[in-house]
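I have placed the structure first, in the form of structure tokens, so that the comments after it can refer back to it.
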Amino acid sequence: MQIYLPIAEMSVNIFLILGLGGAVGFLSGLFGVGGGFLITPLLIFYGIPPAVSVATAANQIVASSVSGVFAHWRRGNVDLKMGLVLLVGGIIGSTIGVWVFAWLRALGQIDLVISLCYVIFLGVIGALMLIEAMRAIFRTRRRGGNLRKVKKHQHGYFHGLPFKMRFYRSGLYISALLPLLVGFFVGILTALMGVGGGFVMVPAMIYLLGMPTAVVIGTSLFQIIFVTANVTFLQSVQTQTVDVALAILLLVGGVIGAQFGARFGSKLKGEQLRALLGLLVLSVCLKLLFDLVATPGDLYSIMGNS
Amino acid sequence: MGKSRIAFYRAPYCWFYGVIAILSVLILDSDRVRADPLVVDLSNHLVAITTGFTGTDVLLFGAVQNQGDVVVTVRGPDQDMVVRRKERKMGIWVNSESAKFRNVPAYYATASSRSMDIIANDRLYENYRIGVDHQRFITELDDAERGDGVYREALIRNMRNSGLFNRHPAKISFLSNQLFRTNLHFPANTPTGTYTINVYLIRDGRVASVKTTPLVVSKTGVSAEVYDFAHRYSALYGIIAVIIAVFAGWFASVAFRKS
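Residue numbers (numbering that gives the first Met the number 0), protein chains in the order written: chain A, 0 to 305; chain B, 0 to 258.
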């Protein structure tokens, strides 16, 4: 069954889009990731214009983050103060990001920048995940496992920065500039790539800010909700590329898929899961890289601006 | 006969109305017909793009007084198009130079009763701007190579690949010496706007008569309203999009907890 998307201005197969949302939802339930970094490239592969894919994915992530944050909020796993500082950075970053997005679109380079960002980030993260998971599998096989203990209060180079702030929930006394910068950077990624940015923010919060693992996911979800909401709003105003119909289809598929994914995930081993996810991320990256490097069928492309 | 059966099946009502229309014109107003060598109409002057739109056919029918060939052109609304050339930079393909064309039809198709080159010579088509190759696009660049050579070809090729320019004229069939009909196909990605359909009656390599009829392609129903709303009240649209997502997320979390 075909449905005409009002903003993308094209007919798509309704079951294919539901299935796509479902598959990514399944994976996000399985691996505990947001899935924005998978849904945007997949929409582009399907033929949805990249600009619409990115803006609509941001809208969809609002929903998946809201549904995720409640459970963490109830358990008290959201560091509100940290979340707000990250958010200030995120709002600034995403606002600049949307502006850059509109500018690149006018230049005709937005597709290239989106693809390049994805290749770089998916490549690095996929490789890191795969290496880390392989090591873990290797360790448990050899049984010689002595896991390194992460010190709670590491004193690094960044801790000399001014504007120190106390974050009680995370048990930290660090410069506010640090989370502000992390939020800012992730905000730009959200606007340009249509991702929540959890895959960058979570490692940054753990290793850079030194936050306890328990509050990291909840706090990042809290921040992602507002940053993606900001991106949805700004893209609607500036580029009119948010397709509500597409977002709803992805949502419905995603919600159902996530439920199955979470159930299935509890039956599998963590390291194997992470190795699988790493492989998946790398293969999406390679496909995008191939499209950039391979000689295109037609060297010329057209774009209407009526 | 088999062919017309299929046609009957495709657009039964249009066909019926078409025959009635032509017959009534022929019978009731035969004096005027004698004066008017070409009569044309469409089964529908409005192509509505609804939520389930996957393309549609519009029946064009008409009558000629004396024998002759018929050529039809369908021209969509004008728009600006930018053609970009990719170049390899540091291993990857990057958009580099570009050329802008004005008054490019968003859609262009032709139909003819016989092969175009049998009906008339190229000069007639050039004079009347019939066919994609005879369209004149205004380009802002003076450079002849960029303006009218490779970039123009690339523009036409890309439009053909996306089904917005036709490759070969569609067939116009004569049912008798006087009655003719053809199906104009509009694909799923048909641009919206006002289309101009020109029907040329060509006899002995000259245009004996021309008739012009408009066709409107517009979005209707939910998709049209959403599009309109997104462009007219974009801030409100953005807020609503966020609210829908927040509500859906909240609903999902409740559903999760229950199960």
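In this text, a Cβ means the ideal position worked out from N, Cα and C, and glycines have one as well.
Could one say the Cβ of residue i lies closer than 8 angstroms to chain B's Cβ atoms, at least one of them?
{"i": "residue 61 of chain A", "result": "yes"}
{"i": "residue 207 of chain A", "result": "no"}
{"i": "residue 235 of chain A", "result": "yes"}
{"i": "residue 299 of chain A", "result": "yes"}
{"i": "residue 231 of chain A", "result": "yes"}
{"i": "residue 107 of chain A", "result": "yes"}
{"i": "residue 66 of chain A", "result": "yes"}
{"i": "residue 295 of chain A", "result": "yes"}
{"i": "residue 10 of chain A", "result": "yes"}
{"i": "residue 14 of chain A", "result": "no"}
{"i": "residue 271 of chain A", "result": "no"}
8 angstroms is my cut-off, CB to CB: does residue i come that close to chain A?
{"i": "residue 85 of chain B", "result": "yes"}
{"i": "residue 153 of chain B", "result": "yes"}
{"i": "residue 143 of chain B", "result": "Low local confidence applies: a pLDDT of 48 at residue 143 of chain B is under 50, so the model's placement there is unreliable, with the coordinate-based value given in what follows. Cβ-Cβ to chain A under 8 angstroms: no for residue 143 of chain B."}
{"i": "residue 56 of chain B", "result": "no"}
{"i": "residue 79 of chain B", "result": "yes"}
{"i": "residue 74 of chain B", "result": "no"}
{"i": "residue 167 of chain B", "result": "no"}
{"i": "residue 159 of chain B", "result": "no"}
{"i": "residue 60 of chain B", "result": "no"}
{"i": "residue 238 of chain B", "result": "yes"}
{"i": "residue 146 of chain B", "result": "Bear in mind that the predicted position of residue 146 of chain B carries a pLDDT of just 49, short of 50, making it too unreliable to give a figure here."}
{"i": "residue 94 of chain B", "result": "yes"}
Pop quiz: residue i and residue j are said to be a contact at Cβ under 8 angstroms. What is the actual Cβ separation, rounded to whole angstroms?
{"i": "residue 183 of chain B", "j": "residue 108 of chain B", "result": "7 angstroms"}
{"i": "residue 194 of chain B", "j": "residue 216 of chain B", "result": "6 angstroms"}
{"i": "residue 236 of chain B", "j": "residue 244 of chain B", "result": "13 angstroms between Cβ atoms; not a contact."}
{"i": "residue 60 of chain A", "j": "residue 223 of chain A", "result": "7 angstroms"}
{"i": "residue 210 of chain B", "j": "residue 39 of chain B", "result": "5 angstroms"}
{"i": "residue 54 of chain A", "j": "residue 271 of chain A", "result": "Wrong, their Cβ atoms sit about 35 angstroms apart, outside the cutoff."}
{"i": "residue 82 of chain B", "j": "residue 154 of chain B", "result": "5 angstroms"}
{"i": "residue 97 of chain A", "j": "residue 239 of chain A", "result": "Between residue 239 of chain A and residue 97 of chain A the Cβ distance is about 12 angstroms, and since that is not below 8 angstroms, they are no contact."}
{"i": "residue 161 of chain A", "j": "residue 208 of chain A", "result": "Their Cβ separation, rounded to whole angstroms, is 16 angstroms, which puts residue 161 of chain A and residue 208 of chain A out of contact at 8 angstroms."}
{"i": "residue 260 of chain B", "j": "residue 196 of chain B", "result": "The requested residue 260 of chain B does not occur in the structure, where chain B is confined to residues 0 to 258."}
{"i": "residue 280 of chain A", "j": "residue 125 of chain A", "result": "3 angstroms"}
{"i": "residue 24 of chain A", "j": "residue 252 of chain A", "result": "6 angstroms"}
Indicate whether residue i and residue j have their beta-carbon atoms separated by less than 8 angstroms.
{"i": "residue 184 of chain A", "j": "residue 92 of chain A", "result": "yes"}
{"i": "residue 77 of chain A", "j": "residue 198 of chain A", "result": "no"}
{"i": "residue 201 of chain A", "j": "residue 219 of chain A", "result": "yes"}
{"i": "residue 120 of chain A", "j": "residue 190 of chain A", "result": "no"}
{"i": "residue 4 of chain A", "j": "residue 246 of chain A", "result": "no"}
{"i": "residue 151 of chain B", "j": "residue 136 of chain B", "result": "yes"}
{"i": "residue 97 of chain B", "j": "residue 87 of chain B", "result": "no"}
{"i": "residue 112 of chain B", "j": "residue 179 of chain B", "result": "yes"}
{"i": "residue 7 of chain A", "j": "residue 47 of chain A", "result": "yes"}
{"i": "residue 37 of chain B", "j": "residue 200 of chain B", "result": "yes"}
{"i": "residue 10 of chain A", "j": "residue 53 of chain B", "result": "yes"}
{"i": "residue 249 of chain A", "j": "residue 210 of chain A", "result": "no"}
{"i": "residue 277 of chain A", "j": "residue 41 of chain A", "result": "no"}
Pull up the distance between the alpha-carbon of residue i and that of residue j, whole angstroms please.
{"i": "residue 260 of chain A", "j": "residue 29 of chain A", "result": "4 angstroms"}
{"i": "residue 49 of chain A", "j": "residue 38 of chain A", "result": "11 angstroms"}
{"i": "residue 88 of chain A", "j": "residue 173 of chain A", "result": "16 angstroms"}
{"i": "residue 119 of chain B", "j": "residue 126 of chain B", "result": "12 angstroms"}
{"i": "residue 114 of chain A", "j": "residue 110 of chain B", "result": "41 angstroms"}
{"i": "residue 21 of chain A", "j": "residue 67 of chain A", "result": "16 angstroms"}
{"i": "residue 66 of chain B", "j": "residue 205 of chain B", "result": "13 angstroms"}
{"i": "residue 63 of chain A", "j": "residue 26 of chain A", "result": "13 angstroms"}
{"i": "residue 107 of chain A", "j": "residue 93 of chain B", "result": "10 angstroms"}
{"i": "residue 258 of chain A", "j": "residue 84 of chain A", "result": "32 angstroms"}
{"i": "residue 283 of chain A", "j": "residue 262 of chain A", "result": "25 angstroms"}
{"i": "residue 46 of chain B", "j": "residue 167 of chain B", "result": "22 angstroms"}
{"i": "residue 43 of chain B", "j": "residue 212 of chain B", "result": "11 angstroms"}
{"i": "residue 168 of chain A", "j": "residue 74 of chain A", "result": "12 angstroms"}
{"i": "residue 291 of chain A", "j": "residue 224 of chain B", "result": "37 angstroms"}
{"i": "residue 70 of chain A", "j": "residue 228 of chain A", "result": "20 angstroms"}
{"i": "residue 276 of chain B", "j": "residue 75 of chain B", "result": "Look at the range of chain B in this structure, 0 to 258, and you will see that residue 276 of chain B is not part of it."}
{"i": "residue 99 of chain B", "j": "residue 158 of chain B", "result": "15 angstroms"}
{"i": "residue 242 of chain B", "j": "residue 133 of chain A", "result": "42 angstroms"}
{"i": "residue 203 of chain B", "j": "residue 19 of chain A", "result": "58 angstroms"}
{"i": "residue 89 of chain B", "j": "residue 56 of chain B", "result": "47 angstroms"}
{"i": "residue 294 of chain A", "j": "residue 57 of chain A", "result": "31 angstroms"}
{"i": "residue 138 of chain B", "j": "residue 190 of chain B", "result": "22 angstroms"}
In the DSSP assignment, what are the bridge partners of residue i?
{"i": "residue 109 of chain A", "result": "Residue 109 of chain A pairs with nothing; no bridge assigned."}
{"i": "residue 48 of chain B", "result": "B:218"}
{"i": "residue 184 of chain B", "result": "B:56"}
{"i": "residue 103 of chain B", "result": "B:78"}
{"i": "residue 199 of chain B", "result": "B:70, B:209"}
{"i": "residue 94 of chain B", "result": "B:85"}
{"i": "residue 178 of chain B", "result": "B:62"}
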